[in-house]
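Taking this note's numbering, the leading residue of the sequence shown gets 3, the next gets one more, and so forth.
Report on the following structure.
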Amino acid sequence: MNATFRRFVEKIVQQTDASPDEKEDLYEELLIHLELSYEQQLKEGYSEQEAESRALKFFGDEENIGSQIQQAMFPYRKEMILILAFASILFSVSVYVSQLVVDGNAVIAWLLISMSVSTSLLFFSLRPIPFLNRRLWLNSLLLIHLFTYLFGVGFASSVDALISAPLTILAWGILLLTLVLIYRTTILDYQSYKQKYKKQIQIFHALNITWGIIIICATLFFIWALLAFSGGMTSSNFLIFVPLFIWMVAYIAQILFLSKEMKKSAYVVAIIPFILVVTIVLWFLWGIIG
3 MNATFRRFVE KIVQQTDASP DEKEDLYEEL LIHLELSYEQ QLKEGYSEQE
53 AESRALKFFG DEENIGSQIQ QAMFPYRKEM ILILAFASIL FSVSVYVSQL
103 VVDGNAVIAW LLISMSVSTS LLFFSLRPIP FLNRRLWLNS LLLIHLFTYL
153 FGVGFASSVD ALISAPLTIL AWGILLLTLV LIYRTTILDY QSYKQKYKKQ
203 IQIFHALNIT WGIIIICATL FFIWALLAFS GGMTSSNFLI FVPLFIWMVA
253 YIAQILFLSK EMKKSAYVVA IIPFILVVTI VLWFLWGIIG
């Protein structure tokens with residue numbers, strides 16, 4: 003098999019965020035097309051070198067082809083991430099400047115975190131990185147982004163000026179788009195058609211993301227309460243991170259069990275984060291009623 007064709011096709015496949023199964027099929031399909039084009043050129047009387055060059059020329063530029071395939075596989079995702087990244091950068095700068103001008107004081111640490119996350123999302127949307135687990139990194143960034151901008155809502159609403167209202171609306175819009183991307187990336191993108199329990203895995207992802215968001219929001223609330231009313235955190239206060247840790251372990255365990263076709267074990271473990279969420283919700287309701 004032609005080594006030049008293999009390298010050419012590998013570059014195309016590396017431009018996509020497909021699952022390993024999809025990349026394997028895409029690689030074989032593109033290689034077959036190139037080989038057929040090459041054989042056609044030979045039949046038309048061209049030499050082997052000329053046939054190879056013409057086959058590659060007719061196929062097109064590998065980066066453009068990879069970009070087109072990526073867009074076809076994940077329609078509008080790049081545009082959504084670009085909108086999110088630019089809106090987040092605009093919001094971060096606007097909130098920081100507003101705080102500085104109106105209040106004379108701004109939180110530089112939040113600005114640095116929000117700008118770093120937004121810039122990373124922008125970078126990820128513009129160019130895939132073949133050697134990284136794309137879904138893991140993108141989802142991690144989106145989760146960090148989500149909770150960074152939960153704080154952003156608070157900062158925007160606290161600005162004592164007319165700009166506070168539009169900034170708060172923008173912040174909620176950013177949060178909504180981030181949530182949409184988290185669910186889409188986890189549930190719809192990066193699926194493997196060879197998974198036996200594909201539907202169950204989608205449901206487990208959706209539920210665990212929802213439980214995770216609730217647990218992390220509760221954790222952030224407790225952190226805020228500790229910092230606001232006790233002035234700091236002691237070693238015993240770090241117990242508030244236990245539910246978050248349990249959720250993460252349970253989430254990973256569920257997906258591993260399903261991937262190994264251990265369906266019953268996955269369902270048993272799935273009860274754990276559900277109980278955590280119910281406990282948290284009941285605790286908050288008790289606090290409100292009491």
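For glycine and all other residues, C-beta sits at the position ideal for the given N, C-alpha and C.
- Scanning the stretch 32 to 99 from its first residue to its last, the whole alpha helix (DSSP H) runs of 4-plus residues come out as 50 to 61, 64 to 75.
- Here the alpha carbon of residue 186 sits roughly 32 Å from the alpha carbon of residue 8.
- Annotation: residue 106 is outside any alpha helix (DSSP H) and is labelled neither H nor E by DSSP.
- With a threshold of 16 other beta carbon atoms within 10 Å, residue 17 meets it and is buried.
- Counted as a single uninterrupted DSSP element, the stretch harbouring residue 264 is not any alpha helix (DSSP H), since DSSP gives it neither H nor E.
- Comparing alpha carbon positions, the residue from 244, 211, 103, 290 closest to residue 256 is 211.
- 7 Å or more divides the Cβ of residue 279 from the Cβ of residue 174.
- With at least 16 other beta carbons inside 10 angstroms of its own, residue 206 counts as buried.
- Burial is judged here by how many other beta carbons sit within 10 angstroms of a residue's own beta carbon; residue 208 has fewer than 16 and is exposed.
- The count of Cβ pairs closer than 8 Å, one atom from the stretch 96 to 107 and one from the stretch 50 to 59, stays below three, leaving the stretches out of contact.
- Take the alpha-carbon of residue 99 and the one of residue 180: they are about 23 Å apart.
- Where residue 20 is concerned, there is no enclosing alpha helix (DSSP H), because DSSP gives it neither an H nor an E.
- In terms of Cβ geometry, residue 163 and residue 123 do not form a close pair [threshold 7 Å].
- If you keep only unbroken beta strand (DSSP E) runs of at least 3 residues inside the stretch 167 to 213, you get nothing at all.
- Burial is judged here by how many other beta carbons sit within 10 angstroms of a residue's own beta carbon; residue 129 has fewer than 16 and is exposed.
- Taking C-beta atoms under 8 Å as the contact rule, residue 217 and residue 282 qualify, at a distance of about 7 Å.
- Residue state for residue 162 is assigned as coil, using DSSP reduced to three classes.
- In its own chain, leaving out the 5 sequence neighbours on each side, no residue places its CB closer than 6 Å to the CB of residue 284.
- In the structure shown, residue 239 adopts helical secondary structure according to DSSP, grouped into three states.
- The beta carbons of residue 165 and residue 89 sit about 15 Å from each other, so the pair does not count as a contact at 8 Å.
- Going by DSSP, residue 113 is part of the alpha helix (DSSP H) stretching over 110 to 128.
- At the C-beta level, residue 11 and residue 33 come within 7 Å of one another.
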